[in-house]
Structures are given as C-alpha cells and as structure tokens.
Amino acid sequence: MASGEDCCTAAEDGAEGNQHHLLILERVEKEEEENWKTVASRQLKQHCSCTPAKAKHKLTGFLPILKWLPHYQLRDWLLGDVMSGIIVGILLVPQSIAYSLLAGQDPIYGLYTSFFSSIIYAFLGTSHHISVGIFGVLCLLVGQVVDRELAVAGYLTESSSSGNLSYLLVAGQGNGSIEMECSRSCYAILVGATLTFTAGIYQVLMGMLQVGFVSVYLSDSLLSGFATGASLTILTSQLKYLLGLKIPRPQGWFTLGKTWYSLITNLRNTNICDLVTSLLCLLVLVPTKELNDHFKAKLKAPIPFELFVVIAATLASHFGHFNTEYGSEVAGAIPTGFLPPQLPSWSLIPNVAVDAFTVAIVGFAITVSLSEMFAKKHGYVVDPNQEMYAIGFCNILPSFFRCFTTSAALTKTLVKESTGCQTQLSGLVTALVLLLVLLVIAPLFYSLQKCVLAVIIVVNLRGALRKFKDVPRMWRVNRIDTSIWLVTMATSALVNTELGLLIGVLVSAFCVLGRTQQAQAVELGRAESREFYEDLASYNGLRTQPGVTVFRYRAPIYYANQSLFKSALYQRLGLNPVKEKVRRRKLEKNKGKKQALAEPEDVKTQRSGVTGVTGKKDETKVNITKILMPEKDASSSLHSVVIDCSAVLFLDTAGVNALKEVRKDYEELGVRVLLAQCNTSVLDSLERGGYFYENKAETGEGKMVFFTITDAVHLAQSLSTPNGDCDTYC
5 MASGEDCCTA
15 AEDGAEGNQH
25 HLLILERVEK
35 EEEENWKTVA
45 SRQLKQHCSC
55 TPAKAKHKLT
65 GFLPILKWLP
75 HYQLRDWLLG
85 DVMSGIIVGI
95 LLVPQSIAYS
105 LLAGQDPIYG
115 LYTSFFSSII
125 YAFLGTSHHI
135 SVGIFGVLCL
145 LVGQVVDREL
155 AVAGYLTESS
165 SSGNLSYLLV
175 AGQGNGSIEM
185 ECSRSCYAIL
195 VGATLTFTAG
205 IYQVLMGMLQ
215 VGFVSVYLSD
225 SLLSGFATGA
235 SLTILTSQLK
245 YLLGLKIPRP
255 QGWFTLGKTW
265 YSLITNLRNT
275 NICDLVTSLL
285 CLLVLVPTKE
295 LNDHFKAKLK
305 APIPFELFVV
315 IAATLASHFG
325 HFNTEYGSEV
335 AGAIPTGFLP
345 PQLPSWSLIP
355 NVAVDAFTVA
365 IVGFAITVSL
375 SEMFAKKHGY
385 VVDPNQEMYA
395 IGFCNILPSF
405 FRCFTTSAAL
415 TKTLVKESTG
425 CQTQLSGLVT
435 ALVLLLVLLV
445 IAPLFYSLQK
455 CVLAVIIVVN
465 LRGALRKFKD
475 VPRMWRVNRI
485 DTSIWLVTMA
495 TSALVNTELG
505 LLIGVLVSAF
515 CVLGRTQQAQ
525 AVELGRAESR
535 EFYEDLASYN
545 GLRTQPGVTV
555 FRYRAPIYYA
565 NQSLFKSALY
575 QRLGLNPVKE
585 KVRRRKLEKN
595 KGKKQALAEP
605 EDVKTQRSGV
615 TGVTGKKDET
625 KVNITKILMP
635 EKDASSSLHS
645 VVIDCSAVLF
655 LDTAGVNALK
665 EVRKDYEELG
675 VRVLLAQCNT
685 SVLDSLERGG
695 YFYENKAETG
705 EGKMVFFTIT
715 DAVHLAQSLS
725 TPNGDCDTYC
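Going from the sequence shown to our numbering is simple: count from 1 and add 4.
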C-alpha cells in the first residue's frame, strides 16, 4: 500500500467466474521529521515572542472575565444573575458555617472560604454556571488531615481548644515550628490553610503542564462511588454532634467502624438537649427539603428553610441558655471583619504533601466534571486547563486568609442555574451577600448549637445516599461500571477515603485492560447478495468462502493480549500451527521407527520359508501407510486466512511480532495469511516493525494487505487456482 508499488489489477474469481478489481490507494508521502533542535527552537521562539495580539490573547485567556464582561447583556442577564447570586449567598451562610465543623475549623473560616472562592472563580473560571465554594467530600478530607496533625502535635481532644483565638498564632523560628502560644483552634487553622495552599500549588502546576486531560480518567461511576462512600463517612462523623457526644475522631484506616464503636460505647453520655434539638431540626428540614425538590419546577427559587432553622435554633439556644444550663456545645464567638493574612507553615508541607495531592485531584475532577456537564447543557465550551488554574488560585490565595479547600458543588450549582444565572457575575453578588454577613451578622450566631450544623450537613447528604436505590438499575445497564462504583464506595467508606479513590482508579484501569483481554474473536461470513462480511454467530444467512477463513479480533493487539490473540485465532480456525508442526514431526519420527521395525520381520519371514511372503510384505506396507497418512481433517482444505484489522486500533512491537509469528507458522503449513482493512496507524506499525520486508524476503510475495475483505478473499481464491497467480500483491 506504499506509494509507487504496483498491485494486481484483477484476479480470477474461481467461485463466481468473474473479474474482481482490487481497490488501489496511494498513501500520501509524509514530510521528513524535523530535527529536535529545530522543533525546540521554533517552539521556544513561539512561546517567548510577544506581540500586542498575543499579549491580549494570553491576558483574556488567563482572565476570562475580560472576554464576557465587555459583551454583557445588561437587560437580559442582570436580573437572573442578581437573583441567583442572592439566593445562593443566603443558602451558603448556614452551609458554610456547618461545613466548617466537618473540616475541623471555626465557623468564620467557612464564610471566608465561600467569600474568596466566589470572587476568584468569577475572574478566572470558564464556566458560566458552577458555584465554587465549600464541598462536603473535600471538607471531610481536610478534617481528617487536621485531626491527624492535631493528634501528632499533642492536641488530643477538642476540649483542649481555648476558643477562636486565631490571633495567638505565632510563626515559628527559622525551622518553621509553631510556638506553644498557639491554641488547638489556631493550629487547626494553620494545618487546614497549609493543606489548602499545597493543593492549590499542585493544581496550578498541573495547569502549567497542560495536564487537564487527567479528568477523563476519573469516570462518572468512580466519582459517584467515591462521593457516596465519603458521604457515609461524613454522616457517621456527624452523629456525635447530633447526640452531643465529645469523642475524638478516629485516625487511620477503618474509621467508620471505629466511629460506630465509639458511638455505641458512649451512648450513655448523650446530651438530651442536643438530641431533642437534632430531632426537631430533622423533622423540619427533611420534609421541607423534599418539598423544595418536588416543586422545584414551579418555584422560581428554593425556599431557604436551612436559614430559617438556623435563625430559630439560635434564638431558642440564646434565650433558653442551652450552653450554660444543659451543656450544649455552641458555635462560640464569631469575629467580624478579616484577620491579617499569614503565610502557611513551611514545616507542615512535607506532612500534608500526599494528602494535598489527593485533595487537588478530587477538587479539580469535581469542578471539571460539573463545568463540562453544564457547558454541554447550555452550548458553550470550558477549558480544563484554565479550570485547573482557576480552582488552584481559589485555593492558593484564600489560604493566606485561613481558608480551606474549595471546589464546585452540585447542589448549589443546580440552584444557581435554576434561578436564572447567566454569567459568573452571580458569583460576585454571592460574595457581596457573604461580605454583609462577615461584617455585620456573623457574631449573632454565637449561640447556634453545633448539633444544628450537623443536621444541615446530614440533610444535604440525601442526594448522595439516594444512589443506593439506583444500584439495581445501574447493574442492569452496565455491570462493569456498577462494579467500579461498588468497589470505590465500599473502600472509601469502610477502609479509607483517600484509598478509596486510588482503588477506584486502579479498578477502572484493570477493567479497561480486562476488556482487551476478553476481546471478541469471531469468524466472518459473506452476505448472500452483497460483498459484505459480518459475524457468523450474530446474523443469519451468511456463508463462508471455500478454503478461506475470515477472522476479526475486536481489540488492539499489544503486549498484554498478543498471546490471547493467537490463541483465539488458532481456536477459531481449528488449526494450531505449533501443535500441528509438533504432530507432523512425531509422525515422521514414528514412520522411521515403523520402517526400521518392519524390515527385520520381513527378513525373518523369508528365512522361515513361509509362502506368500511378498503378499504379506505388501500388506504390511499398506497398513503402515494408513498409520502414517491419516485421513485429512476439516482444516486440511484451508489455504488462506484473512485477518480483518478494522477493529485493531493500534499495534505495539509485541503485536507486530505476534502477526509475524502467525504468518510464518501458517505459511509453513501451506496456509497464506492476508490482512484487510488496516488503519494507517496499524500500517505504519507494520512498516516500522519489518512485517512487509520479512514477508517478501521469506516468501517472495508482496505485502498481502488489502483495503477491503472482498479484495483479500478474491485474491486468496485466485491464488489457489492453477491460473490465478500474480506477481505482486498490494
């Protein structure tokens, strides 16, 4: 199929007695590859040169707000953006305070996190609709790291906290250590901020290296299973607040089981005030949230029942003196305004580096998945690498203001979209709502019970926990994806959250690899009325060609499955060339032994003087011949094998060698091997692997590669007839 090489123009069809013209195409001559120095020089010049147009393109690419803001349609978009921004801001107030509890931080820092991330993403993000801020799974990951580092530093229990005294944090000396003036609370803040800073650095580096494509390796089933497993862990971790128990969060693996054991053994210490408050809040929030979901198509905006519950519970706790009279744990002092920025603890970075990588991957994957989902729905495009930059800076910059890790969140994004959001101007409106709370309203939540915050977290897990009802349907649709979901979910919940993500990725990879290991190998037959070949086992009315078997392997042929490819081919043809050659060698060896044993018998017979010696001798020869030359089996009439390569996406060196071995082994048995419908990648691999060169050197024949199965079959049949020889083959 290389340019300039002649092919047979016609071949006699022995079965149908007509002329069949072979399809001939000429490959485009490839340009010679440039020297790597030339390529590197050109790339360097291209990236380092600066023109006004290029500078503008780079600036608008890094700050997408500069693209859409000048074209903002004030009359059509403003009302929707303002309404969605206000509603999301109202919903974020109680949720930000609640998820601070999950992350092991004081309530004010959840508000800080939502405030800064809303502003930064509005400037850097490419999605028009997603809401970036606190996300339950990331808060759980942060909280686990915070609790671990607190235990390492000697802060064993939550009661060791001396309050929200962030200003007591004193940066260490040259080695970056923390002086003992730092309370448990401020040390937790420092750990969370350092983890967030490190995760942001990872994300920005991945953006610089243009590795936004990694998101495609995290499938929907994997992410869903991970989120569901983490939701079970979150639910379990909040039960102690619902019951008013003061027990430390277990560390290491199997935290779910350890937490349940601690809960059961400490049930006698349940705070009745917290339990009653939790039950009342659940009785209010669960049905009202269901009503919101049921009437979401009719409601212009969801009713903020969470905020109403927070206000009512705060008033009840304040005037009922729940903290002093009943020992109920409350949010405590929430300062107004902003604390001065501080650097992360450099000495803590090695401790949290591995955890930060997991946080970075999860945060980016969730953000890109939601961005692409809503972009596809509304007909625009997002840039995964720019999303990596955006979410990275949403972590790096706020970390200096004691914030923790952020990403997009599905629930708030759905609310944002359903309330008329058109652009990220709504994020700026949300930031204004949160700013009002930070400057004026935050101290009013002093008496808010932590059990109320835990109820808000638990109620918001309903969506993830509903996935269990979908498992039977998922199993019917795709068992492999469901298996990935179940394994990831179970590992994340029962063993370890981060390990669950890793196991999910590995299981997904092995499933993809397994599919190539179990690829279908089928024999093709021809339709009665057309030159069309398809699987004999799948369609009726197909017929095979005399002496020719057409074989299709539905997978790439590479190092991991090349032996399976050969086994499948041998099984389908009913002729294993390796075993057949061994059988023939044994047969020839037995023939020599039989002849050696037969001659002394004849001599002995002649010496004994028995009559009819000649006749007996002839009969012995006939019997030996029957032993040495058994009747031909069904495969003995096979003279050609056509391998349909249309489903072979690529070949590696092992794949090329496998095809070489197959061709050589069969040719030794007098069976010709032809390839059909190879894509250009496969052709190039065969060319580089010397498949064509060895074929011509060993057999004197040409490439024996065809654009269509029909051409290969017709030529194979013509070569099996006395007058059907051709000099070269395409």
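All C-beta atoms in this analysis are idealised placements derived from N, C-alpha and C, irrespective of residue type, glycine included. No experiment lies behind these values; they were computed from the predicted model shown.
Discussion item. Taking the beta strand (DSSP E) that Ala413 belongs to, which residues open and close that run?
Written reply: Looking at the DSSP string, Ala413 is not in any beta strand (DSSP E), and its letter there is neither H nor E.
Practice prompt. Give a yes or no on whether the C-beta atoms belonging to Val1 and His718 are separated by under 8 angstroms.
Written response: The question about residue 1 has no answer, for the chain in this structure spans 5 to 734.
Item to complete: Give the C-beta separation of Leu289 and Ala234 to the nearest angstrom, bearing in mind that I take them to be a contact with Cβ-Cβ under 8 angstroms.
Response: Not really, about 21 angstroms apart at Cβ, beyond 8 angstroms.
Worksheet item: For Leu442, which residues of its own chain have a beta-carbon under 6 angstroms away from its beta-carbon, when the five flanking residues on both sides are left out?
Response: Leu115
Practice prompt. Pull up the distance between the alpha-carbon of Gly176 and that of Cys190, whole angstroms please.
Written response: Residue placement at Gly176 is flagged as unreliable, the pLDDT there being 39, under the threshold of 50; a coordinate-derived value is accordingly withheld.
Worksheet item: To which residues of the same chain is Tyr265 closer than 8 angstroms at the C-beta, ignoring the five residues directly before and after it?
Response: Excluding residues within five positions, none has a Cβ falling inside 8 angstroms.
Worksheet item: How is Phe368 classed by DSSP in three states: helix, strand or coil?
Response: helix
Fill in: Leu568 versus Phe66, Thr263 and Gly518, residue with shortest Cα-Cα distance
Gly518
Worksheet entry | Where Val645 falls: helix, strand or coil (DSSP) | strand
Practice prompt. Mark Ser739 as exposed unless 16 or more other C-beta atoms lie within 10 angstroms of its C-beta, in which case mark it buried.
Written response: The requested residue 739 does not occur in the structure, where the chain is confined to residues 5 to 734.
Item to complete: Given a cut-off of 8 angstroms, decide if Phe139 and Ile370 are closer than it, judged by their beta-carbon atoms.
Response: yes
Worksheet item: If we count the other Cβ atoms within 10 Å of its Cβ and call it buried at 16 or more, is His75 buried or exposed?
Response: His75 comes out exposed.
Fill in: Ranges of the alpha helix (DSSP H) found wholly within the segment 255 to 317, counting only runs of at least 4
Qualifying alpha helix (DSSP H) stretches, in chain order: 259 to 269 and 276 to 298.
Worksheet item: Any chance the segment 354 to 370 sits against the segment 487 to 505, with 3 or more Cβ pairs inside 8 angstroms?
Response: yes
Worksheet entry | Inter-stretch contact at 8 angstroms, needing at least 3 Cβ pairs: the segment 272 to 287 / the segment 402 to 413 | no
Worksheet item: Which value, in whole angstroms, describes the spacing of the CA atoms of Ala651 and Tyr562?
Response: So the alpha carbons of these two residues sit roughly 13 angstroms apart.
Discussion item. Are the CB atoms of His325 and His132 within a distance shorter than 8 angstroms?
Written reply: no
Worksheet item: Mapping DSSP to helix, strand and coil, what is Tyr221?
Response: The answer is helix: DSSP assigns Tyr221 an H, G or I state.
Item to complete: Give the range of the alpha helix (DSSP H) segment to which Leu767 is assigned.
Response: Only positions 5 to 734 of the chain appear in this structure, which leaves residue 767 out of reach.
Practice prompt. For Ala541, count neighbouring C-beta atoms within 10 Å of its own C-beta (all shown protein chains included) and say buried if the count is 16 or more, exposed if not.
Written response: exposed
Discussion item. If I follow the unbroken beta strand (DSSP E) through Thr762, where does it start and stop?
Written reply: Because residue 762 is not part of the residues shown, which for the chain are 5 to 734, the question remains open.
Worksheet item: Can you tell me the Cα-Cα spacing of Ile631 and Tyr670, whole angstroms?
Response: Residue confidence is low: Ile631 scores 37 on pLDDT, short of 50, so the model does not pin down where it sits. Its coordinate-derived value is still stated next. Distance between the alpha carbons of Ile631 and Tyr670 is about 24 angstroms.
Practice prompt. Figure out for me which residue from Leu246, Leu267 and Ala59 has the closest Cα to the Cα of Pro252.
Written response: Each of Leu246, Leu267 and Ala59 was checked against the Cα of Pro252, and the nearest Cα belongs to Leu267.
Worksheet item: Comparing alpha-carbon positions, which option in Leu577, Glu672, Arg556 and Arg587 lies nearest Leu653?
Response: Considering only alpha carbons, the answer is Arg556.
Item to complete: In angstroms with no decimal places, state the Cα-to-Cα distance between Thr318 and Gln426.
Response: 35 angstroms
Worksheet item: Do you know how far the Cα of Gln566 is from the Cα of Asn727?
Response: For Asn727, the predicted structure reports a pLDDT of 49, less than 50, and the residue's modelled location is therefore unreliable. The matter cannot be settled from this model.
Fill in: For Arg466, the first and last residue of its enclosing alpha helix (DSSP H)
Arg466 to Leu469
Worksheet entry | C-alpha gap between Thr269 and Ser241, whole angstroms | Distance between Thr269 and Ser241, taken at the CA atoms: about 15 angstroms.
Item to complete: State yes or no: is the C-beta of Leu82 nearer than 7 angstroms to some heavy atom of the ligand ADP?
Response: The model depicted lacks the ligand ADP and carries no ligand whatsoever.
Fill in: First through last residue of the alpha helix (DSSP H) which encompasses Arg692
Thr684 to Arg692
Discussion item. Taking a contact to mean a Cβ-Cβ separation below 8 angstroms, would you say Tyr450 touches Ala335 in this structure?
Written reply: yes
Practice prompt. Return the chain-ordered list of same chain residues with a C-beta closer than 8 angstroms to the C-beta of Phe739, the five sequence neighbours on each side being excluded.
Written response: What is shown of the chain runs 5 to 734, which leaves residue 739 out entirely.
Worksheet item: Cβ atoms of Leu260 and Ala497: under 8 angstroms apart, would you say?
Response: yes
Item to complete: Kindly list the residues whose CB is nearer than 8 angstroms to the CB of Ser724, restricted to its own chain and excluding five residues on each side of it in sequence; keep chain order.
Response: Gly18, Gly551, His643 and Ser644
Worksheet item: Whole beta strand (DSSP E) runs in the segment 479 to 503 with 3 or more residues, listed along the chain?
Response: Restricted to the segment 479 to 503, not a single beta strand (DSSP E) segment is unbroken, complete and at least 3 residues in length.
Worksheet item: Closest by CA to Tyr543, which one among Leu439, Met493, Gln428 and Val526?
Response: Ranking the options by Cα distance to Tyr543, first place goes to Val526.
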